[in-house]
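Protein chains in written order, with UniProt numbering: chain A, 1 to 707; chain B, 1 to 133.
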Amino acid sequence: ILEEYLLVEDAPLLEEMAEEDEELDLYNEMTFGLDRDSTEEDTAKLLMPPEVSPELAEAVAEETEAMEEPRPEAAEELEEPQEEGEMELEVDQIGSELEEEEEELRTEEQEEDQEPCEEPNELGDPAVMKAVQSKPTLESQDSAVLDSRIDACWAEFDKEDMLAMDPAVWGSSPGSIPLHHVLEDKAILQVLERPPPSPNVALDFLGSPVQRGYGGSPRLKCPDLRLMSPKSFPQRFLRQTAGYGSPAPFRPVSPSMSSRPQSLAMHFGPMSSSLEPAHFFSPSASGQLNLSTPSHMTQLHPRHQRILTQRQAQSISSKKLWSPKVDPYSGLMTSKEKDWVIKVEMIQLQSENMDDDYYYQTYYHRLEHKQAEEELLGGRNKQEPPKLVTPFIQKVETYDSVVRIAGSLGQVAVSTCYSPRRAIDAVHHALVEEATGSHRLRALHRIEKLFMQLLEVEEMQRKVSLAPEEQQQQQQPCCQEQKSQEVDSIYQALKVRTCSSEEEAEDEFLQVLCVRKGKKLMARLLPHLTQEQAEKILLTITHHLPFLMKKDMCWDGAVAMMCQTVSDPFSPLCPAQSLPLLYSPLNEVVGRMTFSKLIKVLQEMTRPLSEFPELPLTMALKNQFGISLLYSLLSHGERLLSSDAPLEPRRGDFETWTDTVFLVARELSQVPKASLVEPLFLPSNLLSLFCRYLDKQTIHHLEAKME
Amino acid sequence: MNYMPGTASLIQDIDKKHLVLLRDGRTLIGYLRSIDQFANLVLHQTVERIHVGKKYGDIPRGIFVVRGENVVLLGEIDLERESDTPLQQVSIEEILEEQRVEQQAKQESEKLKAQALKERGLSVPRADTLDEY
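Listed below in structure tokens is the structure:
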């Protein structure tokens, strides 16, 4: 309402309005402030809560009786602050309605919130209309739907109210028209001329959103708060929400003007003694964004400081441009609160752990590296990266978990932020779900635990690598030791072993591998393992390759694997395969294997299986991972053979090798090209391998196949 | 530009009009009044905007307190360009109707899809058996 008067940029008009403001402030204060004489009856009329306490009701009744004469006028006046510029039009009509209400009030003590009734076709406040029509219960009506209905009425109201409401329009036309009329009203003048009542400081804090618009006196029209008992607040609140909806939500001015005092109450909720005046009272007159300097600004690096002040200046000036209307609700979050949030955020940045704020840490690492580089290239003096000076908070690592008072029995119930209640030392008796839950869930559970361990290992390693040179050399032995221990424990937990085909489904390691995340875990873990451990894993995987290939679906479709169409990885119906995740790390492992070990692995691929008609190697040719692994093994063998390094083969190795090569060649030629899958990587020395053993014709044939 | 480079904060966004996308798919538009360290938001004069095709409808909702973890993203709305949209605003009833129609169509197509897959012997994964997360 009155905020709008301040909105126009026009200085002289502004001044005029400011004056009028003050007068109106005065008026409001007198009407709704704490002038017992004139205001209580009005407020009683309008704001009598249903659960009025007996003494209050009496007092009100008294007042009502006592005040015969000023009533009609007061009734009229009462309307003024509550309407949005439509004052003079409504005053007369309302006056009479109010008188009716008054009578009602006198007869019944229990009265609903009496808002002035208005005809729907009047330029009435829709919220008012809403409140009057019925006693809407929140349960019966969705406030949103209600609001939308209000919307319809509001639209009408809107157009007609444009002149008064829209400050832009106001700016052009003599803005004081409604005011002018207001001031012409004798009744109002009468009130205005009355001496101002004594302010009630306690309620000042509630006035802030209103005041922000005024920049004026901290007067509040919330006598209802004074009258009402706290318990009646929720009731009020509920009933008010029904009518409160902002049909035109982005008008900063609240549309439900007649319910102003209540709406203010609504903003701040029940009166609480804990509210400090300082928090709510914002000194800024034009509702600007209150970007105050944080209290710890002095600790900020000058560059940051400069940026902040610049930004503040910028935002203030830009604010002036974009906001023709003053936002009466701005500054709800005080500077103190903002500072606090900033402080908390800064504290969160202080951490040794990379996990806490990865982006912040990385940003500064990169910045430092860049500057270090620049320094090297440019040969400039060492530049200090501007570091954010965060408030240093001593992180409390330990706390007294048990507080014992001498002479007391047992523990005292001490609550801290770490432990809300420690009355009893609760022991965790819950059993880990073993019997219940599917394989997958159990596997996932294990994977999670192992992943956490792996992440710790990697974290340790990263920290070591980030530390300066000398420290690294010092830490090397003990860190390595620690790391290998950790890695070993993970490996042990995996229980890597080959088992019979019957046991495959139950085997824990294989279960882990059936889950996509398990494969990811393996892929990440393999580089950390010793060659021996890694080879064992490779052996196990190859041994169970058919099983794993079969299970390699990211779907639960048991039927799917049997369908021919699904074996094609490029078929849209085929679920995504995740075994290829393992290809890269396993390839590395293969590359370091000895010839004998290689033969052992290859033997796994050539052994006949009971449950499948085909050889594992044949099945592998139809699977992307399988064929890639096979090629990788063959390629490595060829590399070893063609190199000069001593192979140290065991007895029968070479025979097995040649047999395997022949077998592969045979299967490759027999498998139809359509079923053959393209590998992740085609090693270049495979053809030369085949050349060694096979005739030209076959080679050409295979070449075509492998394309 | 932030006076805390390398970090992000909503402090600068206070008292500005924002569009907030929630995890449940709702779109809220309101003035951001207050935040905390969890990015819980207090939105004022909030409007829930429902989009269906090229149309949208607004439902005024009042004050919203949103728990930070439910926010997908949020961004400031440029008030000057706010109305500069090819979308057409319609009444609430209309947009709710449109939404209903759209949901129905989607449900039917899902049903057909599931049926088609079933015929081919495949099954759509249930959410609890998915191991991707």
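Glycine is no exception: its CB is placed at the ideal position from the N, C-alpha and C atoms.
- As the crow flies, the alpha-carbon of GLN473/A is around 22 Å from that of THR530/A.
- A direct Cα-Cα distance of roughly 33 Å separates ALA534/A from TYR359/A.
- The C-alpha of GLU108/B lies about 26 Å from the C-alpha of VAL90/B.
- Judged by DSSP secondary structure, ASP653/A falls within the alpha helix (DSSP H) whose first and last residues are 653 to 670.
- The residue among VAL487/A, GLU532/A and ILE347/A with its C-alpha nearest the C-alpha of MET452/A is VAL487/A.
- Per DSSP, the beta bridge partners of HIS44/B are TYR31/B.
- At a cut-off of 8 Å, the C-beta of SER83/B has no neighbouring C-beta in chain A.
- Comparing C-alpha distances from THR334/A to each of LEU28/B, ARG33/B, LYS54/B and PHE64/B shows the shortest one belongs to ARG33/B.
- In this structure, LEU454/A lies near LEU525/A, with their beta-carbon atoms less than 8 Å apart.
- Identification of chain A residues near ASP24/B by a Cβ-Cβ cut-off of 8 Å yields none; the smallest Cβ-Cβ distance measures about 16 Å.
- For LYS338/A, the neighbours in chain B by C-beta distance under 8 Å run, in chain order, ILE11 and ILE14.
- Following the DSSP letters along the chain, one finds VAL20/B inside the beta strand (DSSP E) bounded by residues 17 to 22.
- DSSP links ILE59/B through a beta bridge to GLU48/B.
- Looking at the DSSP output, PHE625/A bridges to nothing.
- Counting the other Cβ atoms within 10 Å of the Cβ of GLN45/B gives 16 or more, which makes it buried.
- With fewer than three CB-CB distances shorter than 8 Å, the region 475 to 486 of chain A does not count as touching the region 506 to 524 of chain A.
- Within the region 59 to 97 of chain B, there are no complete alpha helix (DSSP H) runs of at least 4 residues.
- In this chain, the alpha helix (DSSP H) harbouring LEU586/A covers 580 to 591.
- Under the DSSP assignment, GLU368/A falls in the alpha helix (DSSP H) whose first and last residues are 358 to 378.
- Cβ-Cβ separation between LEU22/B and VAL72/B: approximately 6 Å, consistent with a contact (criterion under 8 Å).
- Distance between LEU112/B and GLU102/B, taken at the CA atoms: about 16 Å.
- The beta carbon of ASP327/A sits closer than 8 Å to some beta carbon of chain B.
- What LEU332/A touches in chain B, judged by beta-carbon distance under 7 Å, is ARG33 and SER34, going in chain order.
- Counting C-beta pairs closer than 8 Å gives fewer than three between the region 329 to 345 of chain A and the region 686 to 696 of chain A, which falls short of the contact rule.
- The three-state reading of DSSP puts GLU638/A in helix, counting H, G and I together.
- In this structure, LYS118/B sits away from GLN88/B, with a CB-CB distance that is not shorter than 8 Å.
- A check of alpha carbon separations from GLY57/B across ASP78/B, ILE95/B and ILE63/B identifies ILE95/B as the nearest.
- Interface flag for GLY68/B against chain A is unset, since no Cβ pair is found closer than 8 Å.
- Separation of THR362/A and VAL20/B (C-alpha to C-alpha, rounded to the nearest whole angstrom) is 28 Å.
- A contact between stretches requires three or more CB pairs, one per stretch, nearer than 8 Å, and the region 639 to 646 of chain A fails this requirement with the region 574 to 589 of chain A.
- If you look at ALA39/B, you'll find it isn't in any alpha helix (DSSP H); DSSP assigns it neither H nor E.
- According to the DSSP assignment, GLY53/B belongs to no alpha helix (DSSP H), since it is labelled neither H nor E.
- The way I'd put it, the region 654 to 665 of chain A doesn't touch the region 607 to 614 of chain A; fewer than three beta-carbon pairs between them come closer than 8 Å.
- Between VAL344/A and chain B, the shortest Cβ-Cβ separation is below 8 Å.
- Our two residues, GLU98/B and ARG49/B, have alpha carbons roughly 13 Å apart in a direct line.
- Among the CB atoms of chain B, one or more fall inside 8 Å of the CB of TYR359/A.
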